[in-house]
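One structure below.
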Amino acid sequence: MTETAVKPAPAKAAKKPKPELSEGKRAERRLGWLLCAPAALVMVAVTGWPIIYSVWLSMQRYDLRFPNQSEFVFLDNYITVLGSEYWWTAFGLTTLITVVSVIIELVLGMCLALIMHRTIVGRGLVRTVSLIPYGIVTVVAAFSWRYAWDDKTGYLSALLSSESALIDQTSAFFTVVLAEVWKTTPFMALLLMAGLALVPDDLLRAAAMDGAGPWQRFTKVIVPVMKPAILVALLFRTLDAFRIFDNLFVLTPGTSSVSIQTYNNLIKGLNLGIGSTMSVLIFITVAIIAFLFIKVFGTAAPGSDSGGKR
Amino acid sequence: MAEIVLDKVTKRYPDGALAVSEADFTIADGEFVILVGPSGCGKSTTLNMIAGLEDISDGELRIDGQRVNEKAPKDRDIAMVFQSYALYPHMSVRENMAFPLRLAKVDDKVVRQKVEEAAATLDLTQHLDRKPGNLSGGQRQRVAMGRAIVRNPKAFLMDEPLSNLDAKLRVQMRTSLSKLQKQLGTTTVYVTHDQTEAMTLGDRVVVLRGGIVQQIGSPQFLYEQPSNLFVAGFIGSPSMNFLPATLADNEVNSPIGKFALTDRIRSLVEAAGAPREVILGIRPEHFEDARLLDESAKSGGATFTASVDVLESMGSDKYAYFTVEGDQATSQELEELAADSGSADVPDRGSQVVTRLSAASEATQGGSLEVWFDADKVQLFDPSNGKNLTYSG
Numbered sequence: 001m002t003e004t005a006v007k008p009a010p011a012k013a014a015k016k017p018k019p020e021l022s023e024g025k026r027a028e029r030r031l032g033w034l035l036c037a038p039a040a041l042v043m044v045a046v047t048g049w050p051i052i053y054s055v056w057l058s059m060q061r062y063d064l065r066f067p068n069q070s071e072f073v074f075l076d077n078y079i080t081v082l083g084s085e086y087w088w089t090a091f092g093l094t095t096l097i098t099v100v101s102v103i104i105e106l107v108l109g110m111c112l113a114l115i116m117h118r119t120i121v122g123r124g125l126v127r128t129v130s131l132i133p134y135g136i137v138t139v140v141a142a143f144s145w146r147y148a149w150d151d152k153t154g155y156l157s158a159l160l161s162s163e164s165a166l167i168d169q170t171s172a173f174f175t176v177v178l179a180e181v182w183k184t185t186p187f188m189a190l191l192l193m194a195g196l197a198l199v200p201d202d203l204l205r206a207a208a209m210d211g212a213g214p215w216q217r218f219t220k221v222i223v224p225v226m227k228p229a230i231l232v233a234l235l236f237r238t239l240d241a242f243r244i245f246d247n248l249f250v251l252t253p254g255t256s257s258v259s260i261q262t263y264n265n266l267i268k269g270l271n272l273g274i275g276s277t278m279s280v281l282i283f284i285t286v287a288i289i290a291f292l293f294i295k296v297f298g299t300a301a302p303g304s305d306s307g308g309k310r
Numbered sequence: 001m002a003e004i005v006l007d008k009v010t011k012r013y014p015d016g017a018l019a020v021s022e023a024d025f026t027i028a029d030g031e032f033v034i035l036v037g038p039s040g041c042g043k044s045t046t047l048n049m050i051a052g053l054e055d056i057s058d059g060e061l062r063i064d065g066q067r068v069n070e071k072a073p074k075d076r077d078i079a080m081v082f083q084s085y086a087l088y089p090h091m092s093v094r095e096n097m098a099f100p101l102r103l104a105k106v107d108d109k110v111v112r113q114k115v116e117e118a119a120a121t122l123d124l125t126q127h128l129d130r131k132p133g134n135l136s137g138g139q140r141q142r143v144a145m146g147r148a149i150v151r152n153p154k155a156f157l158m159d160e161p162l163s164n165l166d167a168k169l170r171v172q173m174r175t176s177l178s179k180l181q182k183q184l185g186t187t188t189v190y191v192t193h194d195q196t197e198a199m200t201l202g203d204r205v206v207v208l209r210g211g212i213v214q215q216i217g218s219p220q221f222l223y224e225q226p227s228n229l230f231v232a233g234f235i236g237s238p239s240m241n242f243l244p245a246t247l248a249d250n251e252v253n254s255p256i257g258k259f260a261l262t263d264r265i266r267s268l269v270e271a272a273g274a275p276r277e278v279i280l281g282i283r284p285e286h287f288e289d290a291r292l293l294d295e296s297a298k299s300g301g302a303t304f305t306a307s308v309d310v311l312e313s314m315g316s317d318k319y320a321y322f323t324v325e326g327d328q329a330t331s332q333e334l335e336e337l338a339a340d341s342g343s344a345d346v347p348d349r350g351s352q353v354v355t356r357l358s359a360a361s362e363a364t365q366g367g368s369l370e371v372w373f374d375a376d377k378v379q380l381f382d383p384s385n386g387k388n389l390t391y392s393g
C-alpha cells in the first residue's frame, strides 16, 4: 500500500484525477468483475436483449396479419399511439388507479406497520397472517374477488345487495382499487415496518419529553426519520401499480389500462409494431416515475442516507 | 425549578421482577443529585419514572408538591438528556434546540432569541445550521444539553450523558456541566455508573444496588462514612482494600498484622455489637511509607513489612501494590463489586492491597517495604450483612 506514494507511472496518473490503485486493490477489483460476469451476462441476455428488440420493433410497421407490408417507419408508430384517444384514456385511468390505490395502501400500510411494530404478543403470527394476501397469486385473488362480486352467486354482492359492482363504471373502479389494496397493502406494510425499525426508541422518548403528543411524535419524528423507507415503498408500489393487469383483466374485461391495451394490440391484435411502441412507452413512463422519485424526492435505499444516522 | 419527592416509589415489572424498591428521598430545589450504581441497579428505571417514561407501580412521585404519577412526560415540564443524545437527525441544530419551544407554540421571535442564547452559552453558535450527523460527539452532547435548557424546565434529567465521549472530553464536559448547572440553578437528577462522575458532580449522591437505595449523602460523607461494604467498595478510586480479620480483646488480627483498636473505633464497634469475624477496610491513602514518618506520627497506627509487587509512580504520588498472605475477604457485596468492575475474572493468590504513598517514598518494585497505616481510619464490616460496624452517622 505504501508503495503507491511512489508512483511508477506518472504519465498515467496525471491523466486520471483519481489516485492510482495499489496492486492488491486492482486485483481485487478484477476478481470482483470476474465473479459478477456470469450473472451480468445472463441479465443482459434475458432483459437487455428483449428491451432492445422491442425498441427495434416499435420503429417498424409490423403486423403479423400482413407480414409482407413490414417496413421501417422510425417514429410513426409513436405518433399514432400518442395521437390516439384510446391510449390517453387508458393512460388516465391507469394513473388514477395508481394514485388512488397507492395512497390508500400507504395509509393502511402505515397503520398495519405501526400495529405490527408495536405488537408484543404473537408477533410472528400477526406478521404472517397479514402477509397472506400478498402470498396469493394475483390472478387467483382476482378471480376470488370476481366470484365474490358476481351478481347472481357472489357472497359480497348478496351481502351488500349490490348487483352491479362490476358493471357500473364507478363501482367497478373502486372494486378494482379494493382488490389492489387488499393484495398489496401487506407488502407496503412490510417495507414500512423495516423503516420503523430505523427510528431509535430514544428519539421517541426524547420527543415525548420535549412535549410531543403521539400524533406529533408520528408526524414530526417518525415520518421524517423513516422518509427514505417510505419513499422506497412508494416507488416500488407506484411502479407496480402502473403496470396493473391481472385484476383489470379478470374483474372488468372491458376497461383498459395501458398494459391491457398493449396486450390487446400485441397479443390479440398481433400488431407487433404498435404493441411494442406501447410497451416502450410504459417502460419510459415507469423510468420517469423512478427518476422523479430518486432525483426530486431523494429516494435512497433505507440506511444509505447519511442523514438517517443520528 | 422544583423540588422532586420520591415517596416509597417502587417499580415492579409484570413478570414480578423488582427493579426499584421503595426509593424514598427528596431532591431539593436547585440541587444536583446523582444516582449511581452498577448496571442493573435500577438507576435508569428510577430516572425514567421521574421522567414519566415508565409507570410507577407503587408509591408517589411529587414535583413541586403535586402528585405526577399519572401525568404524561410532556405535562411534567422536565427535560431529559439521553446517553445516545437522541437528536433528531432530520433537523438542523437550531431546529433540534427549538423543537420543544415549537411544540409549546412559542412565538417565533422568542424561539429564535432563546435558541441563540442557549447556543451562546454552550458555544454552539457557529454550528446552528448544521445537521447533527455532521457534528462531533462533544458537539452533539452540547446540542442535547441545549435542547434541554432552552425551555427552562423545572428539572433536568440526565441519563449517562457523558459516557459516549472519550476520556479527555468527558473530564472537560464534566466541569462545564457542573458550571452550567450552578449557573442555571435548575434541579438536576443525573444517572451514572461511574463513581468518579458521581463524586465530582453531585451535591448529593444516591447509591443504588439491586433496586434498593444503599446510602444517600454528600460525596465526601459517602467516602468517609460508607454505611456498608457495597458503598465502601463502590465509592473511591482506587477502591478500598478489604481484608479478612478477626476481632478479639479490642485487637484486630489481620493479614497486615495485629493492632489495637483506637478508642473512637472501639466505642463504635461495641455499640454496633461486632461479631468475631470481620472484614477490615482501609483506603489506599491511609497507608504511608514508614521511613518517611517520625516516631510520634507512627504512634497512631501500626506497621507491616511486605514486598512491593507493582509500583506506579503518578508524579504526585506513588501507588504500591502488595500481596498479603491469607484468604481473600469474601462477602456477597464484594463479589458483586468484583463482577461489576470485571476484576472477578483476574486470577489472584492471596489478597491484594493498594497503597498510596508519598512521592518521596523510596519504594522499589520487588523490594521490601515497611508500610505504616492509620489505625484510626480503618473501617470494620460485618461479613454476613455488609454493615459498617464503625459507622458513626
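Chains as they are written, first to last, in the UniProt record's numbering: chain A, 1 to 310; chain B, 1 to 393. Using N, Cα and C, we set each Cβ at its ideal position, and we do this for glycine too. Fair warning: this is a prediction, and the values are worked out from it, not measured in the lab.
Around Thr80(A), the same chain offers Ile274, Thr277 as residues with beta carbons nearer than 8 Å, after the five sequence neighbours per side are excluded. With a threshold of 7 Å between beta carbons, Asp63(A) makes no contact with chain B. Taking a 10 Å sphere around the C-beta of Asp55(B), we find fewer than 16 other C-beta atoms and assign the residue as exposed. With contact defined as three or more Cβ pairs closer than 8 Å, the stretch 191-200 of chain B and the stretch 38-49 of chain B are in contact. Of the residues Gly326(B), Ala120(B), Gln225(B), the one whose Cα lies closest to the Cα of Lys377(B) is Gln225(B). By the CB criterion at 7 Å, Tyr391(B) and Ser267(B) fall outside the cutoff. If you ignore the 5 residues before and after Leu165(B), its C-beta comes within less than 7 Å of the C-beta of Gly137, Gly138, Gln141, Met173, all in its own chain and listed in chain order. Close to chain A, meaning a Cβ-Cβ distance shorter than 7 Å, are the following residues of the stretch 89-102 of chain B: Pro89, His90, Phe99, Pro100. Against Pro228(A), chain B offers no close residue; the least beta-carbon distance is about 10 Å (beta-carbon pairs closer than 8 Å).
For Met158(B), the uninterrupted beta strand (DSSP E) run begins and ends at 155-159, by DSSP. Arg151(B) carries a coil assignment under DSSP once its states are collapsed to helix, strand and coil.
Only Pro132, Gly133, Asn134, Arg140, Ala144, Arg147, Ala148, Arg151 from the stretch 132-152 of chain B bring a Cβ to less than 9 Å from some Cβ of chain A. Under the criterion of beta carbons closer than 8 Å, Ser254(B) and Leu280(B) qualify as touching, at roughly 5 Å. Remark: C-beta atoms of Met158(B) and Val81(B) approach each other more closely than 7 Å.
At least 7 Å separates the CB of Pro214(A) from every CB of chain B. The shortest C-alpha to C-alpha distance from Ala320(B) to any of Gly367(B), Glu3(B), Gln328(B) is the one to Gly367(B). It is roughly 11 Å from the alpha-carbon of Pro38(B) to the alpha-carbon of Ile235(B).
In chain order, Asn48, Ala51, Leu53, Pro73, Met80, Phe82, Ala86 make up the part of chain B whose C-beta sits under 9 Å from the C-beta of Arg205(A).
If you draw a 10 Å sphere on the C-beta of Gly146(B), you find 16 or more other C-beta atoms in it, and that means buried. Each of Gly315(B), Ser351(B), Leu162(B), Ala306(B) was checked against the Cα of Gln328(B), and the nearest Cα belongs to Ser351(B). Between the stretch 198-209 of chain B and the stretch 167-182 of chain B, the count of Cβ pairs shorter than 8 Å is three or higher; the stretches touch. Tyr85(B): not part of any beta strand (DSSP E); DSSP gives it neither H nor E. If one requires a minimum length of 4 residues, the alpha helix (DSSP H) runs lying completely within the stretch 267-301 of chain B are 295-298, in chain order. Rounded to whole angstroms, Ala155(B) and Ala208(A) show a C-alpha spacing of 15 Å. Using a Cβ distance threshold of 7 Å, Val324(B) and Val353(B) count as a contacting pair.
Contact holds between the stretch 232-251 of chain A and the stretch 90-102 of chain A, because three or more Cβ pairs, one in each stretch, are under 8 Å apart. Of all alpha-carbon atoms in Ser341(B), Phe259(B), Asn388(B), the one lying nearest the alpha-carbon of Gly301(B) is that of Phe259(B). Bridge partners of Val213(B) according to DSSP: Leu208(B).
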